[in-house]
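K.L.:
Here it is: the structure, laid out below.
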Amino acid sequence: MKTAGKSGESRDGSRTSEDTTSQDTTHRAGRRVSAPRAMRRAAEQLQELLGRAPESVSAVKPTDNGWQADVEVLELERVPGTTSVMASYRVTLDEEGELLAYERIRRYTRGQIDPRG
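Just so you know, the sequence shown maps onto residues 1 to 117 in the UniProt record's numbering.
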């Protein structure tokens, strides 16, 4: 049986999970994830919430407190595919890539050209 000492080591000399966790948190604290990692995290976490796989991440930009990403999701599949209903979601992430908020900002058909360019 392992017991933790004051230094975060068990009597047999191995690291305890509590000590390892605090080191991981310290290592990550204050460190912004990269743009590619933020894109992946935005898509992964939105998929968990919506239960639908994102088609793409159309935008990602740094903010004062982390990242903001626009994620495209297939909401209603139709035949032909150009009439399927898509949605753009704006996802807000903290510096470590954890989702803080999301909102649907636009719905459109897949074949629709964006008038904004």
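Every residue gets a Cβ at the ideal spot worked out from N, C-alpha and C, and that includes glycine.
Return the CA-CA distance between Glu48 and Glu77, expressed in angstroms with no decimal places.
P.N.:
19 Å
K.L.:
By alpha-carbon positions, which one of Gly81, Arg32 and Ala87 ends up nearest to Tyr108?
P.N.:
For Tyr108, the closest alpha carbon among the candidates Gly81, Arg32 and Ala87 is that of Ala87.
K.L.:
Whole-angstrom Cβ separation of Arg90 and Ile105, contact assumed at under 8 Å?
P.N.:
5 Å
K.L.:
By how many angstroms is the C-alpha of Arg40 removed from the C-alpha of Leu50?
P.N.:
15 Å
K.L.:
In terms of DSSP beta bridges, what is Asp94 paired with?
P.N.:
Gly66, per the DSSP bridge assignment.
K.L.:
Roughly how many angstroms separate the alpha carbons of Ala59 and Ala35, rounded to a whole number?
P.N.:
Distance between the alpha carbons of Ala59 and Ala35 is about 10 Å.
K.L.:
I need the DSSP call for Glu72, collapsed to helix, strand or coil.
P.N.:
strand
K.L.:
Would you say Val85 and Val71 are within 9 Å of each other, going by their C-beta atoms?
P.N.:
It is not a contact, given that the beta carbons lie outside the stated cut-off.
K.L.:
If you draw a straight line from the C-alpha of Arg37 to the C-alpha of Leu46, how long is it?
P.N.:
14 Å
K.L.:
Is the beta carbon of Ala69 less than 9 Å from the beta carbon of Leu100?
P.N.:
no
K.L.:
Starting from Arg107, follow its DSSP beta bridges and name the residues at the other end.
P.N.:
Ala87
K.L.:
Output the boundary residues of the alpha helix (DSSP H) element that contains Pro80.
P.N.:
Where Pro80 is concerned, there is no enclosing alpha helix (DSSP H), given that its DSSP letter is neither H nor E.
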